[in-house]
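Below is one structure, written out as structure tokens, with a few remarks after it.
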Amino acid sequence: MLQRIRTAPPRYWLVVVVVLFFAGFPTVISSFQAGQWALALILAIAIMGLNILVGYSGQLSLGHGAFMAFGAYASAILAHRYKMDYLVTIPIAGLLTGMVGFLFGVPALRLSALYLALATFALAVVMPSLIKRPVGLTGGVQGISLPPVVVPQLAKDGFTMLTGSAMTSDQWVYYVTFAYALVLFWLAWNLVRHRAGRAMRAIRDGEVAAAASGINISGYKTLAFGISALYAGIAGSLLGLATGYISPDTFPVSLSIQLLVGAVVGGLASIPGPLLGGIFAYFLPIESNQWVPTQTWIPSQIVATVVKAGPAVTYGVVLILLMIFAPNGIVGLATAGYNRLRRRLRGAADRESGHMPPDPQTV
Amino acid sequence: MSALLELEDVRCGYGPTSVLHGVSLAVPEGGIVSLLGANGAGKTTTLRAITGGLRWLGEIRFAGRSLRRMHTEDIVGVGIAHVPEGRGILTELTVDENLKLGAHRRKDGATAVRKDYDRVFEYFPVLRERRNLSASTLSGGEQQMLAIARAMLMQPRLMLLDEPSLGLAPLVVRSIFEIIRTFNQADHVAVLLVEQNARLALEMSTDAYVLEVGRVAVKGASAELKGNESVRRSYLGY
Amino acid sequence: MQEFLQQIVSGIASGGIFASLALALVLIYNAMGLVNFAQGEMAMLATFIAFTLVDHGVSYWIAFPVTLVVAFAGGILVQRIVIRPVERAPILTLVIVTLGLATLVNGVAGFIFGYVPRSFPSPFSAQTVNLLGAFVSYRDLGVIGVSTVVLLLIYLLLQRTTIGLTMRAAAHHPEASRLLGVHVSWMLALGWGLASAVGAVSGIMVYAFAAAVLGGIESPLGAVVGGLIVGVTVNLAGAYIPFVGGDLQLAVALAIIIAVLVIKPNGLFGRPSVRRV
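Have a look at this one:
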């Protein structure tokens, strides 16, 4: 065991550091900020689902917000109408959404990339109006208010023992989200490393070749859709927990777009990508909203318009610049930088040992 | 005969891996030169370097003019037609539209182009029949014919052919090679031919170069190489 | 019966608008191999420019072509500055860039023109004319007429001229086109300019998507037919199925898409893609 720890590659240590960081830092930031980070983690979970679909199995979805909505409403209805404990409803909502996603994946099989994008986009567009219909079940435009979050006594005591302060409901929600994120990211990591993940990547890189190698194309593609929707469903359900209230307007088209932006910006087909993407997708709009009004150089007579238009402009500009300079996402940029650094270090080592460096690069 | 195309100590590669380690060769005006060698020797890379598909060190001259820093579009414009690996057929377009693209930069008038069309259809009658069909419906051999016909319509001074025989039936290959030779003689167009089928290529060409891992291993007159038992054994494998 | 006819005619009227934007999408797809999510926003910006011109007393018939030219130039500019650096990036990166562009253009339009919705003056009167027993406004007829003419011109440009041919070639096979002497990068820029100008002719994004998909994203004819079908169906469903009402018309459009795509994955007029192994 000790031997294994000692020989673990550096990225495992990075994982340990990140996990400890996310476990520890709600104790040093305000309860409000912990709530914000919980929302970022929720996005990260949904983006991980999208990443499994888009990054690993090569199918595009512009409508994952709709699956989040389904999960959130499943939980809310179970908790509100059938008086179930909300925490119990989260996995149920995930499974239900996963099944819906699986079913959606069947007709999706027949569509090529672009058509699938448009079909899922339409799903995202139409979801809010669909939710409004069965008023008795979903509360229509009014939405559903959820019972306030109760922090379990055990968690309260533990938290007080460790930090000396009382646990707020935001902090509790954060830790619930964190636990789910941890498990789901770990599952995703295992999924992509093993048989199913290999099959999905093979399909993504070439369906004909994958089929020729005996991979069940339809099976794995719908499976990817199902798993992906399961992640989105859990994220939606957690979103209900975090906000305490859901309505059709909680899940606009822009949510689906935000998820896709997060997935691409973080880095597709990577495990840390969705985490970075979630943080980015959650905080960039907020930061650009806050950054613009604080700028003092803007003339006062147009400040009102700038405050209104500024965040959109900032968001758009940052997004475009990021894509220009990191076309493969943040993870892609980091990997490329790491590789270059390593090459340079190796080159230096070669010089010291008196070896000739390899042929001059000509490209 | 002065050289139409000259490569001098050309080095290039993809990313950190270098493929060509100093290739020098020359194609005379109106001549047919074959470029032979095993898979991965750098034949396709040489052609791609010539038409600006990747950056290189050394010197490439066409008709006495350096091709350094020129874009593919402009290199093509000065008279080099490149039939790439995989034929470069635009499958969304019809056969006719593909041919039109070949002729679209010509400035010698519609009559001249029409005359060339007729000639090309004489070489490849099947293309006339399929004129209005989508290029994706053509068979492999027909696609190869389309690619060569399109290159002919570009009115080049030099044609680069990347394995025209790949995946085709021997009979089809024969007829395509015949047509290339006829075209070469009729229009005095030089050809640089990359081939796996060394026997056929040597029959057709006047000179030949054999590449081995990015370097010219053997060069000489085709007839000589064909007769040289040891070269044939060690490099050409037949 | 009278009422039914009326619904059909209004459906065709709105369908004509969907059709023209759907056609813009099809054209842009054929001319640059990409669906541009900023299309709607760019169209809106162009409309605002036209609005400002008309507001300053410029005649509608001058403002219209000026706007088209501005939109065309704007499209080229956007391609050169924003799209070109990511030309070789993965397709999803491009999609995200167009999304960023949509946000950006939206913000810029808000900054320049404010957020107050305005009604756009029309050179056609709102009076209605009796057409086969149903009433249609001159305005709808005018919009459809102008769209049809513009789109016909674009269609001819793309399908019948050499420059159109090179644009289509550049969009689908950049590498092979370069070897044929096509200036790929500029052709793509031209495609953007064109699409931006066509987009300026009309608005309403989602229905247009529906129409484009319905007809087959590569088929200009399909886009027009798809637009009309979507327009009429959405209108009829809104009027006759009580459950649908106003806000679920979109759902009807969705249902049409899904139904058609499951039966004909390449749209009504799309060519099935043949895969050679």
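Chains as they are written, first to last, in the numbering used here: chain G, 301 to 663; chain X, 10 to 247; chain C, 10 to 286.
Every residue gets a Cβ at the ideal spot worked out from N, C-alpha and C, and that includes glycine.
Query raised in the report: Are residue 77/C and residue 52/C touching if we call contact CB-CB under 9 Å?
Result: Not in contact: residue 77/C and residue 52/C (Cβ atoms no closer than 9 Å).
Query raised in the report: For residue 191/X and chain C, any beta-carbon pair shorter than 9 Å?
Result: Taking 9 Å as the threshold, the shortest C-beta distance from residue 191/X to chain C does not fall below it.
Query raised in the report: If you count every other CB in all the chains shown that lies within 10 Å of the CB of residue 310/G, and 16 or more means buried, which is it?
Result: With fewer than 16 other CB atoms across the displayed protein chains lying within 10 angstroms of its CB, residue 310/G is exposed.
Query raised in the report: So, does the CB of residue 572/G fall closer than 9 Å to a CB anywhere in chain C?
Result: With 9 Å as the cut-off, residue 572/G does not count as an interface residue toward chain C.
Requested in this report: Please report the residue range of the beta strand (DSSP E) in which residue 32/X lies.
Outcome: Residues 26-37.
Query raised in the report: What does residue 635/G reach in chain C if we use C-beta pairs closer than 9 Å?
Result: Per Cβ cutoff of 9 Å: no residues; residue 635/G is ~14 Å from chain C at best.
**Report entry** Reduced DSSP secondary structure (H/G/I, E/B, other) of residue 117/X
**Finding:** In this structure, residue 117/X counts as coil in the three-state DSSP scheme.
Query raised in the report: Just the Cα atoms here: how many angstroms apart are residue 18/C and residue 241/C?
Result: Inter-residue distance for residue 18/C and residue 241/C is about 8 Å (C-alpha atoms, whole angstroms).
Query raised in the report: When you compare only the Cα positions, how much space is there between residue 95/C and residue 605/G?
Result: For residue 95/C and residue 605/G, the distance between alpha carbons rounds to 31 Å.
Query - Own chain, CB closer than 6 Å to residue 559/G, minus 5 neighbours either side, in chain order - result: In the same chain as residue 559/G, and ignoring 5 residues on each side of it, the C-beta atoms closer than 6 Å to its own belong to 346, 347, 350 and 364, in chain order.
Query raised in the report: On the three-pair Cβ rule with 8 Å, is the segment 192-204 of chain X touching the segment 159-172 of chain X?
Result: Enough Cβ pairs lie closer than 8 Å, so yes.
Report task. With DSSP collapsed to three states, give me the class of residue 672/G. Result -> Here chain G comprises residues numbered 301 to 663, so residue 672/G is not present and cannot be evaluated.
Query - Straight-line gap, residue 586/G to residue 616/G (C-alpha atoms, nearest Å) - result: Between the alpha carbons of residue 586/G and residue 616/G lies a distance of about 13 Å.
**Report entry** Backbone CA spacing between residue 121/C and residue 610/G [nearest angstrom]
**Finding:** Taking the straight line from one Cα to the other gives about 11 Å.
Report task. Please report how far the alpha carbon of residue 561/G lies from the alpha carbon of residue 111/C, in whole angstroms. Result -> Linking residue 561/G to residue 111/C through their CA atoms gives a straight-line distance of about 13 Å.
Query raised in the report: Between 481/G, 451/G, 433/G and 366/G, which lies nearest to residue 425/G when the distance is taken from Cα to Cα?
Result: For the set 481/G, 451/G, 433/G and 366/G, the Cα lying nearest the Cα of residue 425/G is the one of 366/G.
Query raised in the report: Within 10 angstroms of its Cβ, does residue 249/C collect 16 or more other Cβ (buried), or is it exposed?
Result: Exposed, since its Cβ has fewer than 16 Cβ neighbours within 10 Å.
**Report entry** Collapsed DSSP secondary structure at residue 154/X in the structure displayed
**Finding:** Reduced to three states, the DSSP call for residue 154/X is helix.
Query - Cβ-Cβ distance between residue 664/G and residue 576/G below 9 Å - result: The requested residue 664/G is not part of the displayed model; chain G covers only 301 to 663.
Query - Host beta strand (DSSP E) of residue 168/X (start-end) - result: Counting along the chain, the unbroken beta strand (DSSP E) around residue 168/X starts and ends at 167-171.
Query raised in the report: Between residue 361/G and the rest of its own chain, which residues show a CB-CB distance below 6 Å, the 5 nearest in sequence each way excluded?
Result: In the same chain as residue 361/G, and ignoring 5 residues on each side of it, the C-beta atoms closer than 6 Å to its own belong to 353 and 420, in chain order.
Query raised in the report: Going along the segment 171-198 of chain C in order, which residues come within less than 8 Å of chain X, judged by CB to CB distance?
Result: Correct list: 171, 174, 175, 177, 178, 181, 182, 184, 185, 186, 187, 188, 189, 190, 191, 192 and 193.
Query raised in the report: Hey, how far is the Cα of residue 267/X from the Cα of residue 245/X?
Result: Lying before the first or after the last residue shown, residue 267/X is absent from chain X, which here runs from 10 to 247.
Query - Coil, strand or helix - residue 455/G by DSSP - result: Helix.
**Report entry** residue 183/X - containing alpha helix (DSSP H), residue span
**Finding:** Segment 179-196, the alpha helix (DSSP H) holding residue 183/X.
Requested in this report: Please confirm whether residue 431/G and residue 551/G have their CB atoms less than 9 Å apart.
Outcome: Cβ atoms of residue 431/G and residue 551/G: closer than 9 Å.
Query raised in the report: Can you find a C-beta in chain C that's less than 9 Å from the C-beta of residue 351/G?
Result: False, the Cβ-Cβ gap to chain C never drops below 9 Å.
Report task. Put residue 80/X into one of helix, strand or coil per three-state DSSP. Result -> In the displayed model, residue 80/X falls within coil according to three-state DSSP, outside both helix and strand.
Query - residue 86/X at chain C interface by Cβ criterion, 9 Å - result: So yes, residue 86/X belongs to the interface.
Requested in this report: Identify which residue in 229/X, 222/X and 99/X has its Cα closest to the Cα of residue 22/X.
Outcome: The candidate whose alpha carbon is nearest that of residue 22/X is 222/X.
Report task. Evaluate the contact criterion for the segment 506-519 of chain G versus the segment 375-392 of chain G: three or more CB pairs, one atom per stretch, below 8 Å. Result -> With the cut-off at 8 Å, the segment 506-519 of chain G and the segment 375-392 of chain G do not touch.
**Report entry** Expected contact under 8 Å - CB spacing of residue 356/G and residue 569/G to nearest Å
**Finding:** Going by Cβ atoms, the distance from residue 356/G to residue 569/G rounds to 6 Å, so yes, they are a contact pair.
Requested in this report: Please report the residue range of the alpha helix (DSSP H) in which residue 111/X lies.
Outcome: In the DSSP assignment, residue 111/X falls within the unbroken alpha helix (DSSP H) covering 104-112.
Query - residue 235/X versus residue 358/G - alpha carbon distance - result: Residue 235/X and residue 358/G: Cα-Cα distance of roughly 50 Å.
Requested in this report: Please state whether DSSP places residue 535/G in a helix, a strand or coil.
Outcome: When DSSP states are grouped into helix, strand and coil, residue 535/G belongs to the helix group.
Requested in this report: Report the three-state DSSP secondary structure of residue 383/G (helix, strand or coil).
Outcome: In the three-state DSSP reduction, residue 383/G falls in the coil class, being neither helix nor strand.
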